[in-house]
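Position 171 of the sequence shown, counting from 1, maps to 171 under the UniProt record's numbering, and the rest follow consecutively.
Ideal Cβ positions, reconstructed from N, Cα and C, are used throughout, including at glycine.
Note that the coordinates shown come from a computational prediction; the quantities given were computed from them, not determined experimentally.
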Amino acid sequence: MNKVILIVLDGLRYDVARSCLGYMEGLVAAGRADVRKLTCELPAMSRPIYETLLTGRKPVDHGVVSNGVVRRSVGDNLFSRVRARGGVTAAAAYHWVSELYVSCPFDRYRDRILVDGTGDITHGVFYWDDAYPDSHLFADAEWLVRSKAPDFLLLHPMNVDDAGHKHGGDSIGYRNAARMQGDLLAPHVPDWVEAGYSVIVTADHGMGDDGNHAGPTPEETEVPFYTVGFRIEKAALSQQIQIAGLACRLMDIDPGQMPAFEGTIERL
Numbered sequence: 001m002n003k004v005i006l007i008v009l010d011g012l013r014y015d016v017a018r019s020c021l022g023y024m025e026g027l028v029a030a031g032r033a034d035v036r037k038l039t040c041e042l043p044a045m046s047r048p049i050y051e052t053l054l055t056g057r058k059p060v061d062h063g064v065v066s067n068g069v070v071r072r073s074v075g076d077n078l079f080s081r082v083r084a085r086g087g088v089t090a091a092a093a094y095h096w097v098s099e100l101y102v103s104c105p106f107d108r109y110r111d112r113i114l115v116d117g118t119g120d121i122t123h124g125v126f127y128w129d130d131a132y133p134d135s136h137l138f139a140d141a142e143w144l145v146r147s148k149a150p151d152f153l154l155l156h157p158m159n160v161d162d163a164g165h166k167h168g169g170d171s172i173g174y175r176n177a178a179r180m181q182g183d184l185l186a187p188h189v190p191d192w193v194e195a196g197y198s199v200i201v202t203a204d205h206g207m208g209d210d211g212n213h214a215g216p217t218p219e220e221t222e223v224p225f226y227t228v229g230f231r232i233e234k235a236a237l238s239q240q241i242q243i244a245g246l247a248c249r250l251m252d253i254d255p256g257q258m259p260a261f262e263g264t265i266e267r268l
């Protein structure tokens, strides 16, 4: 099975990504990565879009239409499809991901560390504090890669979103939190690509200048979509609901109930 790492930089809007993710933009300039703008599904909120990214369905279809809808995911998702193929899955992510794909409600003493799980996620490190340092979370993800060699890994840091809520989407604090993501991606992504992973870097939603998001303004809905080590034709992916199918295609697994990705893939 080919391997994929999906990195979701929570709350990172497109214009700030293009001006602040220096490492990713360097890869694009060197022809080693590709980037495009996507418009996120509505509502432009976290838990609904986590489910969209990992199931290929819109919030109005999968039913997680608010951060207040606290329940397990229903139907196929990326983790379950990899597991059905006999693969290993992992997540270094916010505890809402655990609630969707492991157990609900989240118990910080029981569910923070998951090793050899029998459900959709095999191994996981989950956090519940929005200020949990992204540097620590990248280290958590690196531990998962080195020790568990997952076929699919979700990495989901929260500090950009946290800074946006505190300072607004047009602020020094927000932009500096975004710049930090470039510094964190730089030492890890090359090693992950060298280890055979296809890497996708995107966001769930953007951030309004007033420090919040739900949609449908461009600041709240326009997000970056980077692919590292490969590119796809521009017309082949224009919606968030296509990302899950792309990941399945990269891993050469059956998407099951999720929309299949039909475009061409070019290795860089």
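* So who's on the other strand from A90, going by DSSP bridges? -> Answer by DSSP bridge pairing, in chain order: H123, L153.
* Asked: Mapping DSSP to helix, strand and coil, what is S66?
  -> Looking at S66 - three-state DSSP - the assignment turns out to be coil, as it is neither helix nor strand.
* For P224, which of helix, strand or coil comes out of DSSP? -> Correct three-state label for P224: strand.
* Do you know how far the Cα of G164 is from the Cα of Y174? -> Using only the alpha carbons, I get a separation of about 5 Å.
* To do: May I ask you to report which of helix, strand or coil DSSP gives I253?
  => It is coil, neither helix nor strand.
* Beta-carbon gap between G117 and M1 smaller than 7 Å -> Taking a C-beta distance under 7 Å as the contact criterion, G117 and M1 do not qualify as a contact pair.
* Let me know the secondary structure DSSP gives T52 once reduced to three states. => When DSSP states are grouped into helix, strand and coil, T52 belongs to the helix group.
* Asked: Just to confirm, are D120 and R72 a CB contact at a threshold of 7 Å?
  -> Taking 7 Å as the Cβ cut-off, D120 and R72 do not qualify as a contacting pair.
* What's the gap between the Cα of D162 and the Cα of G211? -> Using only the alpha carbons, I get a separation of about 9 Å.
* To do: Could you say if the segment 171-190 and the segment 122-131 meet the contact criterion of at least three C-beta pairs nearer than 8 Å?
  => Contact fails between the segment 171-190 and the segment 122-131, because fewer than three Cβ pairs, one in each stretch, are under 8 Å apart.
* Among P259, P255, L250, which one has its Cα closest to the Cα of I265? -> For I265, the nearest C-alpha among the options comes from L250.
* Same chain, Cβ closer than 8 Å to W192, five either side skipped, listed in chain order -> Residues of the same chain with a CB within less than 8 Å of the CB of W192, apart from the 5 flanking positions on each side, are I5, V145, V199 in chain order.
* What are the uninterrupted segments assigned as alpha helix (DSSP H) that are 4 or more residues long and contained completely in the segment 120-207, given in chain order? -> The DSSP assignment places complete alpha helix (DSSP H) segments of no fewer than 4 residues inside the segment 120-207 at 134-148, 159-167, 172-194, in order along the chain.
* What are the start and end residues of the alpha helix (DSSP H) that includes L78? -> L78 -> alpha helix (DSSP H) spans 78-84.
* **Own chain residues within Cβ distance below 6 Å of Y23, not counting five before or after** => Within the same chain, G182, L185, A186 come within 6 Å of Y23 by CB-CB distance, once the 5 residues on both sides are set aside.
* **Residues of its chain near H188, where Cβ-Cβ distance is below 7 Å and the 5 sequence neighbours each way are ignored** => If the five residues before and after H188 are omitted, its C-beta is found closer than 7 Å to the C-beta atoms of F138, E142, all from its own chain and listed in chain order.
* Do S56 and A244 have their C-beta atoms within less than 7 Å of each other? -> Contrary to the premise, residue 56 reads as Gly rather than Ser in this sequence. Their beta carbons are under 7 Å apart, which means G56 touches A244 by this criterion.
* Asked: Among S238, V228, F261, which one has its Cα closest to the Cα of G26?
  -> The candidate whose alpha carbon is nearest that of G26 is V228.
* Report buried or exposed for residue 314, applying the criterion of at least 16 other Cβ atoms within 10 angstroms of its Cβ. => The chain is shown only over 1 to 268; residue 314 falls outside these bounds and no answer can be derived.
* DSSP puts Q239 in a beta bridge; with which residues? -> BP columns for Q239 point to T39.
* Rounded separation between H156 and S80 - CA only -> Cα-Cα distance, rounded: 18 Å.
* Asked: Between S66 and R85, what straight-line distance do the alpha-carbon atoms span, to the nearest angstrom?
  -> Looking at the two C-alpha atoms, the distance is approximately 31 Å.
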